[in-house]
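First comes the structure, then the notes that go with it.
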Amino acid sequence: MSAPSDIRGDLRLIAEMVDPDTRVLDIGCGDGQLLEYLGRSRRVDGRGIEIGQAGVNACVARGLSVIQGDADNDLSAYPDEAFDYVILSLTLQATRNPRLVLNEMLRIGRRAIVSFPNFGHWRIRRWLLFRGTMPMTDALADPWYATPNIHLCTIRDFDNLCLELGIRIERRVAVSGPATEGGYRPVSLFPNLFGEQAVYLLSRRR
Amino acid sequence: MNTAPMPGTATATVEADGAVEARATLGLDQPLRLDCGLDFGPFSIAYRTYGRLNAEKSNAILICHALTGDHHVASNNPLTGKPGWWHVMVGPGKVIDTDRYYVVCSNVIGGCMGSTGPKEADPRTGKPYGLTFPVITINDMVRAQALLLDHLGVGDLFCVIGGSMGGMQVLSWAALFPRRVFAAIPIACAARHSAQNIAFHEVGRQAIMADPEWRAGAYLDLGTNPRAGLAVARMAAHITYLSEAALHRKFGRALQDRERVTYGFEADFAVESYLRHQGSAFVERFDANSYLYITRAMDYFDLAAEHGGSLARAFQGTKTRFCLVSFTSDWLFPTSESREVVQALNAVAANVSFVEIETDKGHDAFLLDEPEMFKTLGGFLEGCAEHRGIGRK
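Quick look at the structure:
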């Protein structure tokens, strides 16, 4: 079992947005690293959905409450406001219908935390400008024909979508650098140009 | 081994390892009102316990057995001499650790291993009940178990666990007594018996009832035994517990003790010989009328129907922590059935885990050595024990 300090940098960013003693649904929870961290450090009542059966079984074997499923198909079963936070980490760009997923997240959760790789980052822009082929980076490592990322977006795209869907952005953090311990740097200047990744804390406008 | 009197029980045997085999007489003050409307009791329940109930009474695990199972879950079955049906799962240091938990397993009512069932004598006539035994349901079995736990001084259960019909009882427990169940593990089961499964059961029942030895259910009184019918019922059912892949792996088209087919109807194929053996071994340990009654109980099981057609309503407000388990090659209770239960539990925002285990061993996988199942259930129980405040031994 990993010590709380070992958590991946992008997950730490998300964890910092979660208040203690709350109910959390982590969609695409992988091997349960974030859920376990939240349970231990914030006494969170956590649930997970994971697409891969091996990940699910690993989570359950760690004592986490996890089922097999995905963001596109399995959110409709939950009642309204079943959770305080619904988390979707680096997965939105791989969903079939990101608009619906976002709306569902904010139906079943009072808040949503979403992170995604920023396609507006200057390195990606440079790649496309000079090479003229689909950019490949550490975060987007697959060639265009094999990538699961079918709905990539920039920070500005996502801001616009939130506006259109009546979603309030409570916090937005853009970061760059390696996702290792202490590797991330927050980016405040031109985030859509210098942010490699963005993490949003969202709620529904009322 | 010594025999010690226990309050309210007819017999209780305490074994060297602290395991207890006993028979409790229940429903003395007040009979059990069955789903069919009849009052039942007094009646007996045969059960076994392992380990000790802790001072907080927080470590009790109830194990529910399947259609042809019994209460000999972890110790040798006195009738067959074989190890208990779930000895791979239950015992000292095992996933259900009898050094840590107080484990109770009882024979269902309607059964034939010591609990009151159709082969027992009806006190009013002195003759075996036969078909005068009332039709019982999964819920009736569970209510009878609840009376047994009252008798044993167990209020809340740390966990209820079972596979197949045992899993149905787990779901029934969670729906009937939500506050008494901290954790529930329904394995390889469904919230209702499918048309296909009812159909298979009907084949088994018709095989029994078509046997002239069955004598309209009065065979015990008349000194006959519908062995052929019961064996055929078991053979048909046994196929449904396996998978095509497992049958192929085990037998293929291999011939039984011969070089070539005999152009007759002997058991030429190994798979035929195996099934015949399964059938004839089964009739040595099981009562044909019990088979009718218990299959009927499974057929009638439909948790959603009991709650206005909504399975979610059966679990409304539940605080129980669920872990469902299914097996990829189980076509009797396929993964989709477990998934329906998961969706219903999600609809009431229940705490639920669900693992599907990759195996080619079919429905019977839950009884077998499945390391992935042990690992996930071990982790689930450990997490629950932490929340429940049950320390290590």
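Line order of the protein sequences matches chains A and B.
Residues 2 to 207 (our numbering) make up the first sequence, in order.
Residues 146 to 538 (our numbering) make up the second sequence, in order.
Beta carbons: idealized from backbone N, C-alpha and C, even for Gly.
What residues from chain A crowd round B:G524, counting only those whose CB sits closer than 7 Å?
Here residue 524 of chain B is taken as the residue at index 379 of the second sequence, counted from 1. By Cβ distance, chain A contributes V61, A62, R63, G64.
Spatially closest choice to A:Y146 from A:M135, A:L166, A:L103, A:G10, by CA coordinates
Taking the first sequence and counting its residues from 1, the one referred to as residue 146 of chain A is at position 145. For the residues A:M135, A:L166, A:L103, A:G10, the minimum Cα distance to A:Y146 belongs to A:M135.
Can you tell me which of A:T148, A:E105, A:F191 puts its alpha carbon nearest to the alpha carbon of A:I168?
On the first sequence, position 167 is the one that residue 168 of chain A refers to. Of the listed residues, the one whose Cα sits closest to A:I168 is A:E105.
Hey, out of B:E517, B:K506, B:W230, whose CA is closest to B:N252's CA?
Taking the first residue of the second sequence as 1, we reach residue 252 of chain B at position 107. Comparing Cα positions, the closest option is B:W230.
Buried or exposed by the 16-neighbour rule on C-beta atoms within 10 Å, applied to A:V188
The sequence position of residue 188 of chain A within the first sequence is 187, counting from 1. Flag for A:V188 reads buried.
In chain order, what residues of the same chain have a beta carbon less than 8 Å from the beta carbon of B:T282, not counting five sequence neighbours either side?
Counting from one through the second sequence, the residue named residue 282 of chain B turns up at place 137. Taking C-beta separations shorter than 8 Å and ignoring five residues to either side along the sequence, the partners of B:T282 in its chain run L179, D180, C181, A442, Y445, F446, following chain order.
Please return the same chain residues whose Cβ sits closer than 8 Å to the Cβ of A:F195, not counting the five positions on each side in sequence.
Residue numbering aside, residue 195 of chain A sits at position 194 when the first sequence is read from its first letter. Once the five neighbours on either side are set aside, the close Cβ partners of A:F195 are H122, W123, A175, S177, V188.
Do the region 13 to 26 of chain A and the region 98 to 115 of chain A make contact, defined as three or more Cβ pairs closer than 8 Å?
Contact holds between the region 13 to 26 of chain A and the region 98 to 115 of chain A, because three or more Cβ pairs, one in each stretch, are under 8 Å apart.
So, under 8 Å CB-CB, A:A140 and A:E51 are touching, yes? Tell me the CB distance rounded to an integer number of Å.
Position 139 of the first sequence, counted from the first residue, corresponds to residue 140 of chain A. Position 50 of the first sequence, counted from the first residue, corresponds to residue 51 of chain A. Wrong, their Cβ atoms sit about 20 Å apart, outside the cutoff.
For A:Q69 and chain B, any beta-carbon pair shorter than 9 Å?
Your numbering for residue 69 of chain A matches position 68 in the first sequence. Answer yes: the Cβ-Cβ gap between A:Q69 and chain B drops below 9 Å somewhere.
Delimiting residues of the beta strand (DSSP E) encompassing B:N496
Counted from its first residue, the second sequence places residue 496 of chain B at position 351. Per DSSP, B:N496 is one residue of the beta strand (DSSP E) stretching across 496 to 502.
Using a threshold of 9 Å, state whether the C-beta atoms of B:E278 and B:G259 are closer than that.
Counted from its first residue, the second sequence places residue 278 of chain B at position 133. Counted from its first residue, the second sequence places residue 259 of chain B at position 114. Residue 278 of chain B is actually Phe in this sequence, not Glu. No, the pair does not count as a contact, with Cβ atoms beyond the cut-off.
Rounded straight-line distance, which links the Cα of B:P371 to that of A:V102
By one-based count along the first sequence, residue 102 of chain A stands at place 101. By one-based count along the second sequence, residue 371 of chain B stands at place 226. Approximately 59 Å, taken between the alpha carbons.
State yes or no: is the beta carbon of A:R108 nearer than 9 Å to at least one beta carbon in chain B?
As a working note, residue 108 of chain A is residue 107 in the first sequence. Not closer than 9 Å to any Cβ of chain B, the Cβ of A:R108 fails to qualify, so no.
Is it the case that the Cβ atoms of B:G311 and B:A376 are separated by a distance below 9 Å?
Reading the second sequence from its first residue, position 166 is the one you call residue 311 of chain B. Reading the second sequence from its first residue, position 231 is the one you call residue 376 of chain B. No, these two residues do not count as a Cβ contact at 9 Å.
Cβ closer than 9 Å: which chain B residues qualify as neighbours of A:Y79?
Locating residue 79 of chain A in the first sequence gives position 78, counting from the first residue. By Cβ distance, chain B contributes N491, A492, A494.
Residues of chain A with a CB under 7 Å from the CB of B:F499: which are they?
Working through the second sequence from its first residue, we reach residue 499 of chain B at position 354. Listed along the chain, the chain A residues whose CB falls inside 7 Å of the CB of B:F499 are I68, Q69.
Can you look up B:M443 in the DSSP assignment and give me helix, strand or coil?
In the second sequence, the residue the question calls residue 443 of chain B occupies position 298. Here B:M443 sits in helix by DSSP.
Shorter than 9 Å from the beta carbon of A:G29 to some beta carbon of chain B?
On the first sequence, residue 29 of chain A is found 28 positions in, with the first residue counted as 1. Not a single C-beta of chain B is nearer than 9 Å to the C-beta of A:G29.
So what does B:F414 bridge to, in DSSP terms?
By 1-based counting over the second sequence, the position of residue 414 of chain B is 269. Beta-bridge pairing links B:F414 to B:L400.
Note down the Cα distance separating B:L293 from B:L171, rounded to an integer number of angstroms.
Walking along the second sequence from the start, residue 293 of chain B turns up at place 148. Walking along the second sequence from the start, residue 171 of chain B turns up at place 26. Whole-angstrom Cα-Cα distance: 7 Å.
Assuming B:L437 and B:I353 make a contact with CB atoms under 8 Å, what is their CB distance in whole Å?
Numbered from 1 along the second sequence, position 292 holds the residue referred to as residue 437 of chain B. Numbered from 1 along the second sequence, position 208 holds the residue referred to as residue 353 of chain B. That pair is a contact at about 6 Å.
Go through its chain and collect everything with a Cβ distance to B:G349's Cβ below 8 Å, but skip five positions before and after it.
For the purposes of this step, residue 349 of chain B is taken as residue 204 along the second sequence, with counting starting at 1. V377, A378, R379, A381, A382, Y436, T440, listed in sequence order.
Relative to the C-alpha of A:D75, which candidate in A:R97, A:R157, A:N150 has its C-alpha closest?
The sequence position of residue 75 of chain A within the first sequence is 74, counting from 1. The residue with the shortest Cα to Cα distance from A:D75 is A:R97.
Is B:L387 near B:G507, with beta carbons less than 9 Å apart?
Counting from 1 along the second sequence, the entry for residue 387 of chain B is found at position 242. Counting from 1 along the second sequence, the entry for residue 507 of chain B is found at position 362. Yes, these two residues count as a Cβ contact at 9 Å.
Coarse secondary structure for A:E51, derived from DSSP in three states:
Indexing the first sequence from 1 puts residue 51 of chain A at position 50. Under the three-state reduction of DSSP output, A:E51 falls in the strand class.
Can you give me, in chain order, the residues of the region 308 to 320 of chain B that have a beta carbon less than 8 Å from any beta carbon in chain A?
In summary, no residue of the region 308 to 320 of chain B has a CB separated from any CB of chain A by less than 8 Å.
Just how far apart, CA to CA, sit B:T148 and B:V165?
Indexing the second sequence from 1 puts residue 148 of chain B at position 3. Indexing the second sequence from 1 puts residue 165 of chain B at position 20. Residue confidence for B:T148 is low, a pLDDT of 41 falling below 50, so the modelled location carries little weight and cannot support an answer.
Complete runs of the beta strand (DSSP E) confined to the region 2 to 82 of chain A [at least 3 residues]:
Runs found: 24 to 28, 46 to 51, 66 to 69.
Which of helix, strand or coil does DSSP assign to B:P331?
Position 186 of the second sequence, counted from the start, is the residue given in the question as residue 331 of chain B. B:P331 falls in the strand class under three-state DSSP.
Whole-angstrom distance between B:M313 and B:H338, CA atom to CA atom
Residue mapping note: residue 338 of chain B aligns to position 193 of the second sequence, counting from 1. Residue mapping note: residue 313 of chain B aligns to position 168 of the second sequence, counting from 1. Their backbone Cα atoms lie some 9 Å apart in a straight line.
Alpha-carbon to alpha-carbon, B:V159 and B:A167
If you number the second sequence from 1, residue 167 of chain B lands on position 22. If you number the second sequence from 1, residue 159 of chain B lands on position 14. Distance from the CA atom of B:A167 to the CA atom of B:V159, rounded to whole angstroms, is 8 Å.
Between the alpha carbons of B:L526 and A:T92, how many angstroms are there, rounded?
In the second sequence, residue 526 of chain B corresponds to position 381, counting from 1. In the first sequence, residue 92 of chain A corresponds to position 91, counting from 1. C-alpha separation (whole angstroms): 30 Å.
Distance, A:R9 Cα to A:R100 Cα:
For the purposes of this step, residue 100 of chain A is taken as residue 99 along the first sequence, with counting starting at 1. For the purposes of this step, residue 9 of chain A is taken as residue 8 along the first sequence, with counting starting at 1. Within the model, the alpha-carbon separation for A:R100 versus A:R9 is close to 27 Å.
Within-9 Å CB hit, A:D75 to chain B:
Here residue 75 of chain A is taken as the residue at index 74 of the first sequence, counted from 1. Output row for A:D75: interface = yes.
Taking the alpha-carbon of B:R325 as reference, which of B:K464, B:L177, B:R394 has the nearest alpha-carbon?
The residue labelled residue 325 of chain B in the question sits at position 180 within the second sequence. Of the candidates B:K464, B:L177, B:R394, B:K464 places its Cα closest to the Cα of B:R325.
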